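First comes the structure, then the notes that go with it.
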Amino acid sequence: MKYHSLSRNISILLAFIISVGFLSALFIYNSDRAHAAPITDFNAGNIIDDRIFYNKNSMNVQQIQTFLDSLIPNCDVWGTQASGYGGLTNAQYAQQVKGWPGPPYPCLNKYHENPNNNETSYEKGGGAFSGGISAAQIIYNAAQTYNINPQVLLVMLKKESLGPLTADNWPLKNQYKYSMGYACPDSGPNYSANCDTSKAGFYKQMMLAAWQLNYYKEHPNDYRYHLGWNDIQYSTDPGCGTKRVYIENMATLSLYIYTPYTPNNGALAAYPGTASCGAYGNRNFFAYFREWFGITSYNGKPIKTSSSSSGVFLVENGIKRPFNSVEALYSHGYSWPDVITISESLMTEIPTGAPLGINVAAYAGKLLKTSSPSSGVFLIENGTKRPFNSADALNSYGYDWSKILTVSEAVLVDIPLGSPLGINIASFSGKTIKSNSPSSGVFLVENSTKRPFSSAEALNSHRYSWANIQTLSEAAMAEIPTGSPLGINIPAYAGKLIKSNLPGSGIFIVENNTKRPFESAAALNSYGYDWSKILTLSEAILAEIPLGSSLGMK
Amino acid sequence: MRIQRSSKRNKIVLIAALLLLASAGAVAAYFYYSTDGFKNSDASNVASSDRFKSDNEQSKELQDNPDNKDSAPNTDHPATPTTTTESSKKQVQMIASTDQSGNTVFIRGGVNYPVSGGSCYAQLSGPSGQSIRKDSSVLSNPASTDCKTISIPMSELASGKWKFTLHYTSNDYEGASNEISFAV
């Protein structure tokens, strides 16, 4: 007995520990596997554009077939593939374990049905048969008959069918019966299906769903929601509250009538999972459509057709506006990979608005010119193009010539002309300048004026270097107002002996900003000055220095 | 005594062995799942790389659990009708709203449940206590049922505050919305 008791306890302990280990591993595995892909751009009021939703020509039969083939590349029609359960094939698993019917299991890309007598591939050899039409053809026919985009019907199929059919490589016939969720509400006990058998079958489901969507479009005012403001429940549980939604178009209205809930932020963040108070029908429609067919709205997107002569248009508020240049496209923040190619017929349907020039703001602060040799250079500032008066003007702002953008004439035409840009006088402040004329004087730029040096000695006396004088065009020079002339800098001669270049000139010593004449050569000698150090200046310069008291013998 | 010591040591060894076994089980289970333990190991069954992510995931889910053939993912299940002692009919949730355009008042709403048949009506009460009933037909949807919008010309309504409730009734179900007010 003791042994049995111990054995039983150990067995329980063993089972417990293994269970804990197993569940821990499962938890870790599932945590790893939960790839959150939150939806961040779901627009509750515009889930999909009308032009996309009702574009019945988006795919032909062959394109639908090719798409279905890509979804289910490996259909196990005869259930011969391994099921993963006890070495059984799918067919064996279905029949022996689940009690489901045996093969064939025609996948969506293999399925055919005769709408006249409801015969399907399930009774007719698993594939095509005389009188039967393919699922692709059925989808296409429904789309054409009721003016619904076949892509919408494909997404609805993925959203509504058991499995779903779009991912099942050995579907049961039962999955086709109410594959669009039409006439088969979960209104039986415990959400069990409560189906109308007269509406069963893939063909009927597809046609009825397309009919229903078209009916909503034709009777937009009959239902609980309407175009404009609506309060839409977050979930089937009214306690979860409502969201105020402005329904912008018929397609979105139709989706809300078909599935009358809007996802909350939790449901969007948890995609493809679930969240408290979440609703998923419209969320999944949006996500699946985007995943399969790229976009649900052309609004704000650049479009073109496949024609080599097609222009590129930006769709804004249901109108397509042609970009008038490649630069216009780029200036609005788009590039070629962003441009969506649509059919000629759809392009024709979208009304054309005013051309779209460049977005001037995109060029703010940039230097532009055209490829014309005579093109000026412009600075884009405050929504205008400001021409530089001269190369000197451009340089005076410190711009780098290598950064000038060469654009088409069309771009420059789009930008209003602003006031010209002269030279930036402040950039020359404290600098010496002259014009490129041989007879030009030299000027010091000071207080936004150019002050002419009265003489070469004056320039020297202010200690400016001849080598640093900047040469400007006459036009640039003319832009700078002329100030008072600049004489010599007397302190520069302090303590120096000076005389004029005229014969008979006296000799002076510069002291206290005056020139003091020596009364005689003897007087000069009495101070011990060196005659060889006497500077000879022009009479005009000498005249600039006020006369001081004379110096006699020391 | 010796026997007891031996028994204790055996227990310790046994528990250590069990813990080791559990760890091994955990590791094995992890790898079992992460390498698609329930999945068909046929390489040709692996989804092609040009399929979309959600399709691959749904395909894998179906292979891992064929019972999913009986369910649609993330279905918005409508609230189940309830029973009360006061009525033999099941009670369904209803919503209602109103808006005005031009000289017309619209009463909209429906049943948050896909019922078939039956009819709707709005029961209005006016500022002076007057009472009006407006009948409406039923429009079926896959996941709900709508009452066809009731349009009332404002000329039929006296000025002032009005209230209404929207009702649905059939042989099996009935329901009424919350009371809603509007001004004329």
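Order-wise, the sequence lines are chains L and Y. Heads up: the first sequence begins at 1 in our numbering, then just goes up one per residue. Heads up: the second sequence begins at 555 in our numbering, then just goes up one per residue. All C-beta atoms, glycine included, are put in the ideal place defined by N, C-alpha and C. Here the structure is a predicted model, which means the values were calculated and not measured.
Q: Provide the residue(s) that pair with His721/Y in DSSP beta bridges, ordered along the chain.
A: DSSP, once it has assigned bridges, lists Tyr675/Y, Ala730/Y as partnering His721/Y.
Q: Give the C-beta separation of Gly430/L and Val442/L to the nearest angstrom, bearing in mind that I take them to be a contact with Cβ-Cβ under 8 Å.
A: Gly430/L to Val442/L, Cβ: 14 Å. No contact.
Q) So, does the CB of Leu71/L fall closer than 9 Å to a CB anywhere in chain Y? A) Residue-level contact check: Leu71/L touches chain Y, since one or more beta carbons of chain Y fall below 9 Å from its beta carbon.
Q) Is it buried or exposed for Ser461/L, if we count other Cβ within 10 angstroms and need 16 for buried? A) Per the 10 Å Cβ criterion, buried.
Q) Along the chain, where does the beta strand (DSSP E) that runs through Leu444/L open and close? A) Start and end: 442-446.
**Q.** Within chain Y, the residues that Pro171/L reaches when beta carbons sit closer than 8 Å
**A.** In chain order: Lys623.
**Q.** Sequence-distant residues of its chain with Cβ nearer than 6 Å to Gly69/L (five each side left out)
**A.** With the sequence shown as reference, residue 69/L is identified as Asp, and Gly is not the correct amino acid for it. Result list for Asp69/L: Asn109, in chain order.
Q. Looking at the C-beta of Lys593/Y, does it have a partner C-beta in chain L at a distance below 9 Å?
A. Only weak support exists for where Lys593/Y lies, its pLDDT of 28 falling under 50; the coordinates are left without a value.
Q: Specify, as a first and last residue, the run of the alpha helix (DSSP H) that Lys301/L falls within.
A: Where Lys301/L is concerned, there is no enclosing alpha helix (DSSP H), because DSSP gives it neither an H nor an E.
Q.
Please tell me whether Thr348/L has its Cβ less than 9 Å away from any Cβ of chain Y.
A. Not an interface residue.
Q) From Ser690/Y to Tyr122/L, what distance separates their C-alpha atoms? A) The straight-line gap separating the alpha-carbon atoms of Ser690/Y and Tyr122/L is approximately 43 Å.
Q. Which value, in whole angstroms, describes the spacing of the CA atoms of Ala494/L and Ile509/L?
A. Looking at the two C-alpha atoms, the distance is approximately 8 Å.
Q. CB Ile350/L to CB Thr305/L, shorter than 9 Å?
A. No, these two residues do not count as a Cβ contact at 9 Å.
Q) Within the 9 Å Cβ cut-off, does Thr638/Y reach chain L? A) Not an interface residue.
Q) Using the rule of at least 16 other Cβ atoms within 10 Å of the residue's Cβ for burial, across every protein chain shown, is Ala34/L buried or exposed? A) Any reading at Ala34/L is ruled out, since the residue's pLDDT is 39, under 50, leaving its predicted position unreliable.
Q. In its own chain, which residues sit with a C-beta less than 6 Å from the C-beta of Asn54/L, not counting the 5 before and 5 after it?
A. A small fix is needed here, since residue 54/L is Tyr in this sequence, not Asn. Only Asn147 meet the Cβ criterion.
Q.
Between the stretch 167-177 of chain L and the stretch 229-242 of chain L, can you find at least three pairs of beta-carbon atoms closer than 8 Å?
A. No: fewer than three Cβ pairs fall under 8 Å.
Q: Note the first and the last residue of the continuous beta strand (DSSP E) segment covering Lys369/L.
A: Here the beta strand (DSSP E) through Lys369/L covers 367-369.
**Q.** Per-residue DSSP class, three states only, for Phe129/L
**A.** In this structure, Phe129/L counts as coil in the three-state DSSP scheme.
**Q.** Chain-order list of residues whose beta-carbon lies under 8 Å from that of Ala25/L (same chain, five-residue window excluded)
**A.** Any reading at Ala25/L must be qualified, since the residue scores a pLDDT of 44, below 50, and its modelled position is unreliable; the value itself is stated next. Cβ neighbours of Ala25/L beyond the five flanking positions: none.
Q. Under the rule that 16 or more other beta-carbon atoms within 10 Å means buried, what is Arg662/Y, buried or exposed?
A. Flag for Arg662/Y reads buried.
(Q) Below 8 Å on C-beta distance, what does Glu160/L contact in chain Y? (A) Simply Ala626, Pro696.
Q: Spatial neighbours of Asn223/L within its chain, please: CB distance less than 6 Å, with the 5 preceding and 5 following residues excluded, ordered by chain position.
A: Per the sequence presented here, residue 223/L reads as Tyr, with Asn not at that position. Taking C-beta separations shorter than 6 Å and ignoring five residues to either side along the sequence, the partners of Tyr223/L in its chain run Ile257, following chain order.
Q. Is the beta carbon of Gly353/L less than 9 Å from the beta carbon of Glu327/L?
A. Their beta carbons are not under 9 Å apart, which means Gly353/L does not touch Glu327/L by this criterion.
Q. Would you call the CB atoms of Ile423/L and Ala393/L closer than 9 Å?
A. In terms of Cβ geometry, Ile423/L and Ala393/L form a close pair [threshold 9 Å].
Q: For chain Y, find out if any of its Cβ atoms is closer than 9 Å to the Cβ of Gln175/L; answer yes or no.
A: Chain Y, which has a Cβ nearer than 9 Å to the Cβ of Gln175/L, makes this yes.
(Q) Which runs of the beta strand (DSSP E) at least 3 residues long sit entirely within the stretch 337-396 of chain L? Give them in chain order. (A) Annotation note: the stretch 337-396 of chain L contains the following uninterrupted beta strand (DSSP E) runs of length 3 or greater, listed N- to C-terminal: 367-369, 378-381, 384-387.
Q: Residues of the stretch 229-241 of chain L with a CB closer than 8 Å to any CB of chain Y: list them in chain order, please.
A: Against chain Y - using a Cβ distance shorter than 8 Å - the residues of the stretch 229-241 of chain L are Trp229, Asn230, Asp231, Gln233, Ser235, Thr236, Asp237, Pro238.
Q: Report yes if the C-beta distance between Ile303/L and Met206/L is below 9 Å; otherwise report no.
A: Taking 9 Å as the Cβ cut-off, Ile303/L and Met206/L do not qualify as a contacting pair.
(Q) Is there a Cβ of chain Y sitting closer than 9 Å to that of Arg224/L, yes or no? (A) So, interface residue.
**Q.** Residue from Leu693/Y, Asn732/Y, Cys674/Y, Met708/Y with nearest C-alpha to Ser724/Y
**A.** Cα-wise, what sits closest to Ser724/Y is Cys674/Y.
(Q) With distance defined between alpha-carbon atoms, name the residue in Ala522/L, Ala540/L, Cys107/L, Ala91/L nearest to Ser613/Y. (A) Out of Ala522/L, Ala540/L, Cys107/L, Ala91/L, Cys107/L has the C-alpha closest to the C-alpha of Ser613/Y.
(Q) What residue range does the beta strand (DSSP E) around Trp229/L cover? (A) In the DSSP assignment, Trp229/L falls within the beta strand (DSSP E) that extends over 228-233.
Q.
I'd like to know whether the C-beta atoms of Ser372/L and Glu409/L end up nearer to each other than 9 Å.
A. Taking C-beta atoms as the reference points, Ser372/L and Glu409/L count as a pair closer than 9 Å.
Q.
If the criterion is Cβ atoms closer than 9 Å, does the pair Ile706/Y and Ala650/Y meet it?
A. Going by beta carbons, Ile706/Y and Ala650/Y fall outside the 9 Å limit.
Q. Do Arg463/L and Pro420/L come within 9 Å of each other at the CB atom, strictly closer than that value?
A. No, the Cβ-Cβ distance between Pro420/L and Arg463/L is not below 9 Å.
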